[in-house]
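Let me begin by presenting the structure, written as structure tokens, before commenting on it.
There are 2 protein chains.
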Amino acid sequence: MRMFLRDETAATSREGLATLRPGGVALVEAVDAKALTWAHDVGAEEMRFPPLVSVADLMSIDYFDNFPQLPVLVSRLAKPGGSEPGAWPEPAARVGRDELVDAEYALPSSACYSAYFDLRGAPALAPTRITTRARCYRNESRYEGLRRLWSFEMREIIYLGQADGAAEHLATFKRLLSAWCAVLGLDVAWRTAVDPFFDKRGPRALAQAIAPVKEELLYKGELAIASVNAHRNFFGERCQITDHEGAPVHTSCVGFGLERWVAALLDDGRTAEKALALLRDAR
Amino acid sequence: MRMFLRDETAATSREGLATLRPGGVALVEAVDAKALTWAHDVGAEEMRFPPLVSVADLMSIDYFDNFPQLPVLVSRLAKPGGSEPGAWPEPAARVGRDELVDAEYALPSSACYSAYFDLRGAPALAPTRITTRARCYRNESRYEGLRRLWSFEMREIIYLGQADGAAEHLATFKRLLSAWCAVLGLDVAWRTAVDPFFDKRGPRALAQAIAPVKEELLYKGELAIASVNAHRNFFGERCQITDHEGAPVHTSCVGFGLERWVAALLDDGRTAEKALALLRDAR
């Protein structure tokens, strides 16, 4: 077998896209297994949502107003039958937009939106916890190893129900994450963050100033490896998901950026093998 | 918790996109775990390749000539800063192609291409086995439940090396798959298939007629749940991957369409619970 598959290189990236070698795959899976255990502990059931979201659904949550730069849209050739073999020019690096059809779908930028779209119109929803893992995509102005990727995997544990339950959901996960990082010996701290979803220019910025909606778990003061997010009843309203009294549900979620955990675990020159042993011992 | 999360509905699909509920997620993971065990048994190491492939890489293997209809291309807004809040029209269902940039990347339609792109230019490669699981996308003229999806997951176990090793790799997996399906009691048979990669109009069609390059494992004579594929030295040539003598390597792969296994396991009215028990008993 090739040597490089056995060396300590757990991951590489190019143009914001990561290649995980065996050690990196094992680390991602080990971190996700821990998050999934917690999800089961709080009664969340695992769902796997469609890997594409419709432009119509995204527009229903003002997505293009708030994140015009982020969305990775999908398309296809407008005239696939139009080219005879060899009709394509010599190996080119791109397909012109004139050869594409309009985009009706995008790749998700967060895992949890799909849960709200899936529940669109659900009446009299009892408090519900859902966990899902999704590959997410975000156009960024620059990429940096596993720390800032064009495409990455996110595990989320989502709560839908009443305001107090939504707040308790986040408090629970703040405690679990802080305790686990202490056992792992990772240098982390919580920091209140601005949720880019609540655009500075929009009316929701005021609400953001009143009550923080996002807190990030920062590794070494700079790398957000997890976040807890309170959405109040925003998604309940936009997706017409209501509680037993007919009021839009409140939602909240905790998210784990899986590749960023790998970056933190491999920091300080720790090998994949040592990081895996650390995770095993901390179980 | 909501009732529907506990019912027997393991999966639903709409417009070729599947939503897997807990039973469906468990089934996909159980089938993949079995394939991964086999992969480890034959010495394959697990890789996770970039979830997008470049148009340039695809052109290097004549992809757009052979599969002009299949590729799902990705793009983004050309002028993300151009719209003020509220500038977007009322919730629309699409983003016009004129608002997109040219597409330089596509979503993969098969898991194994990325392995060859990753090894591009590798000299003196010793025989290598790699396994990878990837979310694939294919534009089709129609979709049908879990049996024909726009997006699905594929586990592949890939061989790179000499011609005889490539053939033996496929023979091994044909044996393993036939034996496992017998234990599971699944009605399957192998059928020689035309690999659409080897376009009827192209010169490779002749080679295809001489030696079958693809065999599919058909459930009930109609649903291909796995396939074995011999590529001769095509990818070795195109990606300049050479053996110790400087000759392009021969490659072959076995692929598992994970959602199709779920469809077969849930056939005949079997519940997800019963299908999981069947997989457990057959381990």
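Going down the list, the protein sequences come from chains A and B. Take the first sequence: its position 133, counting from 1, is numbered 125 in this note's numbering, and each next residue is one higher. Take the second sequence: its position 246, counting from 1, is numbered 238 in this note's numbering, and each next residue is one higher. Ideal placement from N, C-alpha and C gives every residue a C-beta, glycine not left out. No experiment lies behind these values; they were computed from the predicted model shown.
Do you know offhand how far VAL254 (chain A)'s Cα is from TRP142 (chain A)'s? 16 Å
Nearest-angstrom Cα distance between ASP49 (chain A) and ALA3 (chain A)? Annotation: ASP49 (chain A) to ALA3 (chain A) spans about 34 Å, alpha carbon to alpha carbon.
Burial state of ALA126 (chain A) (16 or more Cβ within 10 Å): Taking all protein chains in view, the Cβ of ALA126 (chain A) is crowded by 16 or more other Cβ atoms within 10 Å, so the residue is classified as buried.
Nearest-angstrom Cβ-Cβ length linking LEU69 (chain B) and VAL66 (chain A), presumed shorter than 8 Å: Between VAL66 (chain A) and LEU69 (chain B) the Cβ distance is about 13 Å, and since that is not below 8 Å, they are no contact.
In angstroms with no decimal places, state the Cα-to-Cα distance between ALA171 (chain A) and GLY153 (chain B). ALA171 (chain A) and GLY153 (chain B): Cα-Cα distance of roughly 48 Å.
Complete runs of the alpha helix (DSSP H) confined to the region 14 to 68 of chain A [at least 4 residues]: Those alpha helix (DSSP H) runs which fall completely within the region 14 to 68 of chain A and span 4+ residues are 14 to 33, 47 to 52, 55 to 58.
CYS104 (chain B): first and last residue of the uninterrupted beta strand (DSSP E) it sits in: No beta strand (DSSP E) holds CYS104 (chain B); DSSP gives it neither H nor E.
Between which two residues does the alpha helix (DSSP H) containing SER170 (chain B) stretch? 155 to 176
Minimum Cβ-Cβ distance from ASP259 (chain B) to chain A less than 8 Å: ASP259 (chain B) does not count as touching chain A.
Give a yes or no on whether 8 Å exceeds the smallest Cβ distance from ARG139 (chain B) to chain A. no
Compare the beta carbon distance of ILE233 (chain B) and TYR108 (chain B) with 8 Å and say whether it is the shorter of the two. yes
Less than 8 Å between the CB atoms is what I'm expecting for ARG121 (chain B) and VAL34 (chain B), so what's the real figure, rounded? 6 Å
By Cβ distance below 6 Å, which residues in the same chain neighbour HIS223 (chain A) in space, the five residues on each side in sequence not counted? THR243
Quick one, are the C-beta atoms of MET39 (chain B) and VAL20 (chain A) less than 8 Å apart? no
Does the beta-carbon distance from CYS245 (chain A) to ILE150 (chain A) come in below 8 Å? yes
For the region 95 to 123 of chain A, which residues have a beta carbon sitting closer than 9 Å to at least one beta carbon of chain B? ALA95, GLU96, TYR97, ALA98, LEU99, SER106, ASP110, LEU111, ALA114, LEU117, ALA118, PRO119, THR120, ARG121, ILE122
Kindly list, in the order they appear in chain A, the residues whose Cβ is closer than 9 Å to that of MET146 (chain B). Here the premise fails: no neighbours, minimum Cβ distance about 13 Å.
Below-8 Å beta-carbon distance, LEU92 (chain B) vs any chain A residue: Yes, LEU92 (chain B) counts as interfacial toward chain A.
What span of residues does the beta strand (DSSP E) with TRP182 (chain A) cover, start to end? 180 to 185
What do you reckon, are the CB atoms on VAL23 (chain A) and LEU250 (chain A) nearer than 8 Å? yes
Given a cut-off of 8 Å on the beta-carbon distance, is the pair LEU178 (chain B) and TYR211 (chain B) in contact? yes
Residue nearest to ASP235 (chain A) in terms of C-alpha spacing, selected from A:PHE144, A:PRO100, A:ARG112: A:ARG112
Please name the residues in the region 35 to 51 of chain B whose beta-carbon is closer than 8 Å to at least one beta-carbon of chain A, in chain order. GLY35, GLU37, GLU38, MET39, ARG40, PHE41, PRO42, PRO43, LEU44, SER46, VAL47, ALA48, MET51
Distance between PRO240 (chain A) and LEU28 (chain B) (C-alpha atoms, nearest Å): 43 Å
List the endpoints of the continuous alpha helix (DSSP H) containing ALA2 (chain B). No alpha helix (DSSP H) contains ALA2 (chain B), which DSSP labels as neither H nor E.
Quick check on GLU96 (chain A): does DSSP put it in helix, strand or coil? coil
Per-residue contacts from SER133 (chain B) into chain A (C-beta, under 7 Å): None at all; the shortest Cβ gap to chain A is about 11 Å.
Cβ of LEU176 (chain A) within 8 Å of Cβ of ALA274 (chain A)? yes
Please report the distance separating the alpha-carbon of VAL93 (chain B) from that of PRO42 (chain A). 24 Å
Across which residues does DSSP place ILE150 (chain B) in a beta bridge pair? B:ILE122, B:CYS245
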